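Everything in the sequence shown is counted per our numbering, starting at 143 for the first residue and increasing by one. Ideal placement from N, C-alpha and C gives every residue a C-beta, glycine not left out. Given the structure is predicted, the values throughout are model-derived calculations rather than measurements. To start, the structure itself, in structure tokens.
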Amino acid sequence: MADADGNAVGPGGERTGEGDGVVRSEADLRRYDTVEELLRDKLSEALGGWRGAVESAVPTLAFALVWARTENLRTSLVVAGVLVAVLLLVRLAQRQDPRFIAYAAAGVGISAFFALRSGRAEDAFLPGMLQNAALLVLLLVTNLTRWPLFGFVVGVAEPEAFAENPTWWRRHAGIVTVAARLAWVLIALNVVRLSIMVPLYLAEQVAALGVAKVVLGWPAYLLAITAMGAILLRGRTPIDPSRVA
Numbered sequence: 143m144a145d146a147d148g149n150a151v152g153p154g155g156e157r158t159g160e161g162d163g164v165v166r167s168e169a170d171l172r173r174y175d176t177v178e179e180l181l182r183d184k185l186s187e188a189l190g191g192w193r194g195a196v197e198s199a200v201p202t203l204a205f206a207l208v209w210a211r212t213e214n215l216r217t218s219l220v221v222a223g224v225l226v227a228v229l230l231l232v233r234l235a236q237r238q239d240p241r242f243i244a245y246a247a248a249g250v251g252i253s254a255f256f257a258l259r260s261g262r263a264e265d266a267f268l269p270g271m272l273q274n275a276a277l278l279v280l281l282l283v284t285n286l287t288r289w290p291l292f293g294f295v296v297g298v299a300e301p302e303a304f305a306e307n308p309t310w311w312r313r314h315a316g317i318v319t320v321a322a323r324l325a326w327v328l329i330a331l332n333v334v335r336l337s338i339m340v341p342l343y344l345a346e347q348v349a350a351l352g353v354a355k356v357v358l359g360w361p362a363y364l365l366a367i368t369a370m371g372a373i374l375l376r377g378r379t380p381i382d383p384s385r386v387a
């Protein structure tokens with residue numbers, strides 16, 4: 143028997159014409175009753191929990207507070223960098239995954255480059271705004287073309303299958319549909335972020351930019367996660383390997 147793609151399908155629904163990684167991932171999907179249950183599981187692995195959120199926000203908050211008190215760009219960046227180093231050492235000492243500290247370190251490094259190059263403290267926030275703008279465009283394009291970014295969360299969570307076929311998840315129409323719904327929430331979040339921060343940047347309001355970046359960072363992101371959580375808790379989209387997106 144063959145599926146809609148022309149691949150041979152075994153008695154258990156597995157696609158016998160594909161690599162072992164894809165076959166195992168397809169079998170793993172059958173552990174879940176709905177697409178929403180699957181995405182809840184995969185997203186919880188990707189976000190890093192409350193600790194990852196705090197570690198990502200602390201360097202930015204420190205930069206804003208030190209700048210508000212001293213108006214010294216280098217001092218603000220040094221304090222943020224020291225905090226990143228301390229958080230990283232704690233993670234390493236506890237033998238835990240340091241990737242969220244690495245994200246924060248990359249953010250501080252890029253911000254420092256922009257701010258020190260121009261000598262303007264507000265330019266420390268420019269990379270974040272550019273990132274938000276790029277993410278907004280990426281989310282819009284991928285949603286409108288039916289290649290939602292959250293679908294790749296499912297794909298990457300199954301590394302063997304992803305290595306064999308990065309788009310294997312697209313054969314599940316339910317995954318594509320729910321992933322697109324989640325992306326629309328982040329699209330709205332980035333529109334709000336840019337509509338607030340761009341005017342503050344143009345007005346050179348550094349202290350207000352620092353507060354806005356923190357408030358519109360993880361607190362706003364957690365609101366977005368809550369909205370996405372509601373989608374994932376209330377939805378009952380079946381996982382159906384026979385339907386191709």
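Cβ-based neighbour list, residue i, same chain, cut-off 7 Å, excluding 5 preceding and 5 following
i      : result
Leu281 : Leu291, Ala325, Leu328, Ile329
Arg237 : none
Ala372 : none
Lys223 : The identity of residue 223 in the sequence shown is Gly, whereas the question assumes Lys. Closer than 7 Å at Cβ, skipping near neighbours: Val250.
Tyr174 : Leu180, Ile381
Pro308 : Gly297
Pro240 : Leu230, Arg233, Leu234
Met370 : Leu324, Val327
Val283 : none
Phe182 : Contrary to the premise, residue 182 reads as Arg rather than Phe in this sequence. Correct list, in chain order: Leu374.
Cβ neighbours of residue i in the same chain (closer than 6 Å, five flanking residues each side left out)
i      : result
Asn285 : Ala322, Ala325
Exposure of residue i, with buried meaning 16 or more beta-carbon neighbours within 10 Å
i      : result
Asp265 : buried
Ser198 : buried
Thr212 : exposed
Leu365 : exposed
Arg263 : Before going further, note that residue 263 is Ala rather than Arg in the sequence given. Under this definition Ala263 is a buried residue.
Asn214 : exposed
Ala235 : exposed
Leu344 : exposed
Leu375 : exposed
Val320 : buried
Anticipated Cβ contact below 8 Å, residue i with residue j, distance rounded
i      : j      : result
Thr217 : Val208 : 6 Å
Arg288 : Val334 : No, Arg288 and Val334 are not in contact; Cβ-Cβ is about 25 Å, not under 8 Å.
Leu180 : Val298 : About 13 Å separates the two Cβ atoms, so there is no contact after all.
Ala248 : Val221 : Between Val221 and Ala248 the Cβ distance is about 17 Å, and since that is not below 8 Å, they are no contact.
Leu351 : Leu342 : 5 Å
Same chain, Cβ closer than 8 Å to residue i, five either side skipped, listed in chain order
i      : result
Lys355 : Thr202, Ala206, Phe267, Gly270, Met339
Arg378 : Thr176, Glu178
Leu336 : Met271, Asn274, Ala275, Leu278
Ala362 : Leu331, Val334, Arg335
Ile243 : Glu197, Val226, Leu229, Leu230, Arg233
Gln347 : Glu264
May I ask you to verify whether the segment 269-280 touches the segment 213-232, counting CB pairs closer than 8 Å and requiring at least 3?
no
Report the start-end ranges of each alpha helix (DSSP H) in the segment 314-376 that is 4 residues or longer and not cut off at the edges.
With a minimum length of 4 residues, the continuous alpha helix (DSSP H) runs that stay inside the segment 314-376 are 315-344, 348-357, 360-376.
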